[in-house]
Amino acid sequence: MALKTGAEYIESLKGLNLTVYANGEKIENIVDHPLIRPHVNAAAMTYELAHDPAFEDLMTATSHLTGKKINRFTHIHQSTDDLIKKVKMLRMISQRTGTCYQRCVGFDAINALYSVSYEMDQKLGTDYHQKVRRYVEYLQENDLMVAGSMTDPKGDRSLPPSKQADPDLFVHLVEKNDEGIVIRGAKAHQTGIVNSHEMLIMPTTALGPDDKAYAVACAVPTDAPGVLHIFGRQTNDDRKFGEIDQGNAKFGIVGGEALTVLENVFVPWERVFMCEEYEWAGTLVERFASYHRQNYGGCKGGVSDIVVGAAATIADYNGTAKASHIKDKITEMIHLTETLYAGSIACSAEGRPTPSGAYFVDPLLANVVKHNVTRLIYEIDRLAQDIAGGFIATLPSEKDLRHPEIGKYVEKYFKGVASVSTEDRIRIARLIENMTGGTALVESMHGAGSPQAQRVSIVRQSNLETKKRFAKILAGIKVD
Amino acid sequence: MKLLRVGVKFCGNCNPHLDCPKLLEKLIQKAKDVHFVYWFQASFDVLLILSGCPVDCASRPDFNGPTVVVSGKMVDRVPVPENLLLDHILGAFERLKEG
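Going down the list, the sequences are from chains A and B.
When you line the first sequence up against our numbering, it's residues 91 to 570, in that order.
When you line the second sequence up against our numbering, it's residues 3 to 101, in that order.
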């Protein structure tokens, strides 16, 4: 089965034996749980759209391992065209979900591991790359969803892993034996993990010799013994038990994140891709982070397309669409959205082959994209709220709208232009409210790394000495 | 009368200036002497590329025959008013049939 449908993906989740807790309860059926179902629906779109001829050019690729048609989310980039198509695919899916569909993280993890494992083998004489290739082929053949598991809880940020008061604050090796390894710790902010088949564990930071037990990369089924997921709360998540007040009831807001605890989890050697080679942890982190930061002008570009469309629609419904300042704000939102997209396209077009043959983005431009997202999404969303008006934050509930006695007052006093129903005005208002605040904004700030992580990468790759030299030459200063 | 077999390939529609699936529906309704297939389904005489915007990034399948390219509101790179798009595409098919 090379290409699952959305329904087949959802059905496959029912076969997993996941241990998931949310809101103080153990969740027996994640697929139908109101807190989780919207994220399942969003991820299912990455499967369903691959079967639609209108989207298959972006959604599928030809495997360089088997020659078969595969879902692009399991593909290893073979060209800059692949990198560009990834960005376009993300924008297209976001336009249809308005939220995170989670599958890019594992996509980026397999691409990062693919090239880094090759380079490790060349240098160290290990056999990790062949194992990664077999694992990728397994993912492609079964069209599996993989959570990219990088972020450790980190504890005291001033200390390296080996100096933490609690050694489990970073995932680490507990035991090595003939069969495999045993790991313990946790991974935080795990996007889509409760509806993924696999998790690909990687170190979260560059490591030194004292931290070699923390240099672990491996693949673990999300329902393996010892794996436990604690699903995170989101802003307004009580609303998931209704419809209109959610804004985007079908697909939800951001990815559905969890804390995943790894309590002495066994991993067979076939699924171990790094074990104590601490010198390579930083390379793997940087490669994964660059691929992941590449995405944000695509996915957030598509999400912002929805916010722009919603803002323009509410202006129509409010009767303000012809005001010059409204038009100007919409124009600014479009400008900012396309600025994000331009960065993602640029870092993809400037991509290059790695020694493994897989293509890698330009890391400087990829970091610039994500850094812009930490700022420009806030401005896009601020403008949307400005255009929409304060009622998006003070609206009565869906239950009040439907209430047999007071519903008529909600209908009457939340009316905009006469030609549009009050319910439609409330629906678009709720979409704006939910897409432009709370969890959605924080995800833009910290997803794929916090702003300072990008600034460190940007300055490291900025070629500053050459810029100084150019300036000195023009100023008439003698240079070597 | 021999039916012209047209293989259709979409771009992926990330920036649809044009609703390409809807355009195809209209073509199917209007072009009675054309049989449309998706490019991966069967062999065809003419390849029809339906790209939603002028970038026209649809990847091209291996095919050495004639190709008609719609990219946004252009047919074979010539700007066409939206209400005349169907006629221009059908005209391109006619010319190919005539040889």
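For each residue, glycine too, the CB sits at the ideal point set by N, CA and C.
Please look up how many angstroms separate the CB atoms of residue i and residue j, rounded, as I've assumed it's under 8 Å.
i               : j               : result
M525 of chain A : G337 of chain A : 6 Å
T325 of chain A : G528 of chain A : 3 Å
D490 of chain A : I496 of chain A : 6 Å
W41 of chain B  : G14 of chain B  : With 8 Å as the limit, W41 of chain B and G14 of chain B do not qualify as a contact, their Cβ atoms being about 13 Å apart.
G346 of chain A : I200 of chain A : With a Cβ gap of about 21 Å, G346 of chain A and I200 of chain A do not count as contacting.
G196 of chain A : G238 of chain A : 5 Å
L263 of chain A : A303 of chain A : 5 Å
L531 of chain A : D471 of chain A : 6 Å
L604 of chain A : A276 of chain A : Any answer about residue 604 of chain A is impossible in this case: the structure gives chain A only from 91 up to 570.
Thinking just about the alpha-carbon of each residue, which of the options is nearest to the one in residue i?
i               : options                        : result
E333 of chain A : A:I567, A:D300, A:E488         : A:E488
K89 of chain A  : A:C437, A:R377, A:R224, A:E422 : Because chain A is modelled from 91 through 570, residue 89 of chain A falls outside the range shown and cannot be assessed.
I91 of chain B  : B:P63, B:L50, B:A60            : B:L50
L426 of chain A : A:Y468, A:A439, A:G346         : A:Y468
E265 of chain A : A:W359, A:L214, A:V236         : A:W359
S45 of chain B  : B:I30, B:S61, B:L52, B:F65     : B:F65
P18 of chain B  : B:G74, B:L5, B:E27             : B:G74
G387 of chain A : A:M179, A:P494, A:V546         : A:M179
A400 of chain A : A:Q185, A:M135, A:I120, A:A97  : A:Q185
P68 of chain B  : B:G54, B:V57, B:A94            : B:A94
D89 of chain B  : B:A60, B:V77, B:R7             : B:V77
Q457 of chain A : A:D142, A:T403, A:D172, A:M535 : A quick correction: the sequence has Asn, not Gln, at residue 457 of chain A. For N457 of chain A, the nearest C-alpha among the options comes from A:M535.
E523 of chain A : A:K558, A:D476, A:K505         : A:D476
R97 of chain B  : B:P81, B:V70, B:I30, B:V39     : B:V70
P56 of chain B  : B:V72, B:D47, B:R62, B:Q43     : B:V72
K432 of chain A : A:Y208, A:A402, A:D172, A:V463 : The identity of residue 432 of chain A in the sequence shown is Ala, whereas the question assumes Lys. The candidate whose alpha carbon is nearest that of A432 of chain A is A:V463.
L290 of chain A : A:A296, A:R193, A:D258, A:P257 : A:R193
G188 of chain A : A:A339, A:H123, A:I396, A:A439 : A:I396
D122 of chain A : A:V546, A:K340, A:G114         : A:K340
M235 of chain A : A:T429, A:R274, A:I160, A:G298 : A:I160
S394 of chain A : A:S169, A:Y381, A:E366, A:L430 : A:L430
A97 of chain A  : A:D233, A:E227, A:K116         : A:D233
N385 of chain A : A:I435, A:D300, A:E353, A:L349 : A:I435
G282 of chain A : A:E146, A:D313, A:V130, A:Q544 : A:V130
I117 of chain A : A:L485, A:A565, A:E555, A:V284 : A:V284
T295 of chain A : A:S286, A:H287, A:A305         : A:A305
Y368 of chain A : A:L297, A:D313, A:R377         : A:L297
E227 of chain A : A:P445, A:T156, A:D452, A:Q168 : A:T156
S169 of chain A : A:G441, A:K557, A:V362         : A:G441
In its own chain, which residues sit with a C-beta less than 8 Å from the C-beta of residue i, not counting the 5 before and 5 after it?
i               : result
Q254 of chain A : G245, D246, F260
D406 of chain A : V507, V510
V552 of chain A : In the sequence under discussion, the amino acid at residue 552 of chain A is Ser, which differs from the Val named in the question. Taken in chain order, the residues that qualify are L454.
I416 of chain A : A405, T410, I477
L374 of chain A : A202, L203, V206, M292, P293, A307, M364
E84 of chain B  : L20, K75
K419 of chain A : A401, L473, D476, I477
Go through its chain and collect everything with a Cβ distance to residue i's Cβ below 7 Å, but skip five positions before and after it.
i               : result
E231 of chain A : A92
I424 of chain A : V398
R329 of chain A : D335, Q336
K104 of chain A : V121
With a threshold of 6 Å on Cβ separation, who are the neighbours of residue i within its own chain once the five nearest residues in sequence on each side are excluded?
i               : result
G539 of chain A : A379
W370 of chain A : M210
G392 of chain A : R181, S184, Q185
K158 of chain A : A92
R465 of chain A : none
H165 of chain A : A151
A1 of chain B   : The question about residue 1 of chain B has no answer here: the residues shown for chain B are numbered 3 through 101.
P443 of chain A : Y449
T136 of chain A : F163, Y191, R193
H279 of chain A : T241, E347
P124 of chain A : K330, F331
L52 of chain B  : F12, C22, V72
A60 of chain B  : K11, C13, I51, S53
K568 of chain A : none
T512 of chain A : E501, F504, K505
Using a Cβ-Cβ cut-off of 8 Å, state whether residue i counts as contacting chain D.
i               : result
D268 of chain A : Of the protein chains in this structure, namely A and B, none is chain D.
Cβ pair count under 8 Å reaching 3, the segment 314-328 of chain A against the segment 96-112 of chain A: Note that the segment 314-328 of chain A touches the segment 96-112 of chain A; at least 3 beta-carbon pairs, one per stretch, sit closer than 8 Å.
Ignoring anything shorter than 3 residues, give me the beta strand (DSSP E) runs that lie fully in the segment 200-245 of chain A, in order along the chain. Segments of the beta strand (DSSP E) lying fully in the segment 200-245 of chain A: 236-239.
The segment 142-160 of chain A contacting the segment 350-366 of chain A, beta-carbon criterion three pairs below 8 Å: No, the segment 142-160 of chain A is not in contact with the segment 350-366 of chain A.
Entirely enclosed alpha helix (DSSP H) segments - the segment 345-382 of chain A, minimum 4 residues: Annotation: the segment 345-382 of chain A contains no complete segment of the alpha helix (DSSP H) (minimum length 4 residues).
Does the contact criterion of 3 or more C-beta pairs under 8 Å hold for the segment 208-226 of chain A versus the segment 130-143 of chain A? Of all C-beta pairs linking the segment 208-226 of chain A to the segment 130-143 of chain A, fewer than three are shorter than 8 Å, placing the two stretches out of contact.
Would you list, in sequence order, the uninterrupted beta strand (DSSP E) runs of no fewer than 3 residues that lie entirely inside the segment 404-473 of chain A? Listed in chain order, nothing qualifies, since the segment 404-473 of chain A has no complete beta strand (DSSP E) run of 3 or more residues.
Quick check on the DSSP output: what are the complete beta strand (DSSP E) runs of length 3 or more inside the segment 293-353 of chain A, in order along the chain? For the segment 293-353 of chain A, whole beta strand (DSSP E) runs of length 3 or above, ordered along the chain, are 306-311, 317-321.
Report the start-end ranges of each alpha helix (DSSP H) in the segment 94-129 of chain A that is 4 residues or longer and not cut off at the edges. Listed in chain order, they are 96-104.
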